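Undergrad: Starting off with a structure, shown below.
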Ligand SMILES: [Zn+2]
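Residue numbers (the working numbering): 866 to 1093.
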């Protein structure tokens, strides 16, 4: 997870909500949801707010369910925090709980991690909110051998417990996510170049940053590397 700056709201969404005064999320028009979806996509650099796998830009309203690869996530669940249903700072984009890069012709896997694992879980004592905690990346580190994400702070400390809680409720060490992180790291080594973009970040950005794989600008392997 990384900090997400919410200072640039989605104007079309805000205008619509202010005008319509609806109480139900399902009543928001699909074209407004699409605009919001795209705004959140770029705000998050194209990554899932929790696991940081790369998402696809949604371009159509109400697509076939088998094409859905991300959805608008209420960080504080609507079922408990109904007054935050339309609060821009409570809205984000999350993956569908599986490897979202799979082809649409393939049967969809089960939705097993991230928001689909978390559901309505939100312990306000322990939840690390990516739109509120500026140093959220410092709560975690990635093991460069196992590719697991682990709490960074001292075992037993409050910060350790919070990181542990987030890893557990989102199942961030689900075997599929671990496999994807390993594949991502290997891809960077194979390609040799980090494909930089102004708006879109590489998948598992925080991991690549921690493993110092974002500093690469040429098609060479760092001299200190022991990965190949
Ligand atoms: Zn995710």
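Just so it is clear, CB atoms sit at the ideal spot from N, CA and C, and this is done for glycine as well. Treat the numbers as computed from the prediction; the structure is a model and nothing was measured.
Using CA coordinates, which residue listed in 1007, 1010, 1038, 1054 is at the minimum distance from residue 978?
TA: As a working note, residue 978 is residue 113 in the chain shown. Ranked by Cα distance from residue 978, the first of 1007, 1010, 1038, 1054 is 1038.
Undergrad: Given a threshold of 16 other Cβ atoms within 10 Å of its Cβ, counted over all protein chains shown, does residue 889 qualify as buried or as exposed?
TA: Taking the chain shown and counting its residues from 1, the one referred to as residue 889 is at position 24. Classification of residue 889: exposed, given that the 10 Å Cβ count is below 16.
Undergrad: Ordered along the chain, which non-local residues of its own chain (more than five positions away) have a Cβ less than 8 angstroms from that of residue 991?
TA: Sequence index remark: in the chain shown, residue 991 carries index 126 (1-based). Cβ contact annotation for residue 991 (same chain, cutoff 8 angstroms, sequence separation greater than five): 1026, 1027, 1030, 1031, in chain order.
Undergrad: Quick one: is the Cβ of residue 1028 within less than 7 angstroms of any heavy atom of ligand 1?
TA: Numbered from 1 along the chain shown, position 163 holds the residue referred to as residue 1028. Checking the Cβ of residue 1028 against ligand 1 gives no.
Undergrad: Mapping DSSP to helix, strand and coil, what is residue 895?
TA: Here the question's residue 895 lines up with position 30 in the chain shown. Reduced to three states, the DSSP call for residue 895 is helix.
Undergrad: In terms of residues, what are the limits of the alpha helix (DSSP H) holding residue 878?
TA: As a first step, residue 878 is located in the chain shown; it is residue number 13 there, counting from the start. Run containing residue 878: 876-885, per the alpha helix (DSSP H) assignment.
Undergrad: Among 994, 999, 974, 913, whose alpha-carbon lies nearest the alpha-carbon of residue 958?
TA: Residue numbering aside, residue 958 sits at position 93 when the chain shown is read from its first letter. Of 994, 999, 974, 913, the residue nearest in Cα terms is 913.
Undergrad: If you pair each beta-carbon of the segment 918-931 with each one of the segment 941-957, do three or more pairs fall below 8 angstroms?
TA: no
Undergrad: Report the partner residues of residue 1014 according to the DSSP bridge assignment.
TA: Here residue 1014 is taken as the residue at index 149 of the chain shown, counted from 1. 1007, per the DSSP bridge assignment.
Undergrad: According to DSSP, is residue 984 part of a helix, a strand, or is it coil?
TA: The residue you call residue 984 lines up with position 119 of the chain shown. Residue 984: coil per DSSP, three-state reduction.
Undergrad: Can you list the residues near ligand 1, meaning Cβ strictly closer than 6 angstroms to any non-hydrogen atom, in the order they appear in the chain?
TA: That gives 913, 915, 916, 918, 959, 960, 979.
Undergrad: Can you tell me whether residue 945 is buried or exposed? The criterion is at least 16 other CB atoms within 10 Å of its CB, across all chains shown.
TA: Reading the chain shown from its first residue, position 80 is the one you call residue 945. Classification of residue 945: exposed, given that the 10 Å Cβ count is below 16.
Undergrad: Please report the residue range of the alpha helix (DSSP H) in which residue 1049 lies.
TA: Here the question's residue 1049 lines up with position 184 in the chain shown. Element bounds for residue 1049: 1040-1056.
Undergrad: Can you give me the Cβ contacts of residue 974 inside the same chain, cut-off strictly under 8 angstroms, excluding the 5 residues immediately before and after it?
TA: Mapped onto the chain shown, residue 974 falls at position 109. The residues are 963, 964, 967, 1041.
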